[in-house]
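Enquirer: In our numbering, the protein residues as written are 59 to 202. Below you will find the structure I want to go over with you.
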């Protein structure tokens, strides 16, 4: 359609363990659209072409900043429950929902193999280092 609708998202979360089983968090989420459609409520749907109207959800320029916080409680070694609250601090062309509550459960598990996989980058560095000349006693030895 010849209309840019690129977007930049920045999300941040900071947490603190109050006790070994309880954590609190602060959350921020920022979205900025570079281009896209603006909505003017005084114009109604006639402000867009039929093609733009069909894709308006994808093309809408909705910039917003959300902030919130939450808490999590560790139930046992592998399970925790959490609750977060998020609200819109500023925004344009966005959704009508100004705040929300998120509730959830985290369950941690691992595969049958408890060992950590080999570090591929370290293996590749070791293989490449054999191709480099080595320096011993201040002398440069030629490569083979």
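A virtual CB, placed ideally from N, CA and C, is assigned to each residue, including glycine.
For residue 95 and residue 110, which I take to be in contact (beta-carbon distance under 8 Å), what is that distance rounded to the nearest angstrom?
Expert: For the purposes of this step, residue 95 is taken as residue 37 along the chain shown, with counting starting at 1. For the purposes of this step, residue 110 is taken as residue 52 along the chain shown, with counting starting at 1. Sure, about 6 Å apart at Cβ, within 8 Å.
Enquirer: Could you tell me which whole beta strand (DSSP E) segments of length 3 or greater appear in the region 68-138?
Expert: 80-93 and 122-132
Enquirer: Helix, strand or coil: which one does DSSP assign to residue 169?
Expert: Along the chain shown, one-based indexing puts residue 169 at 111. In the structure shown, residue 169 sits in coil (DSSP, three-state: anything other than H, G, I, E or B).
Enquirer: Give the C-beta separation of residue 62 and residue 93 to the nearest angstrom, bearing in mind that I take them to be a contact with Cβ-Cβ under 8 Å.
Expert: Your numbering for residue 62 matches position 4 in the chain shown. Your numbering for residue 93 matches position 35 in the chain shown. Contact holds; Cβ gap of about 3 Å.
Enquirer: Taking 7 Å as the CB-CB cut-off, is residue 164 touching chain B?
Expert: The structure shown has no chain B; it contains just one protein chain.
Enquirer: Since residue 71 and residue 80 are thought to touch, with beta carbons under 8 Å apart, how far apart are those beta carbons, to the nearest angstrom?
Expert: Against the chain shown, residue 71 aligns to sequence position 13. Against the chain shown, residue 80 aligns to sequence position 22. Actually they are not in contact, since the Cβ atoms of residue 71 and residue 80 sit about 16 Å apart, beyond 8 Å.
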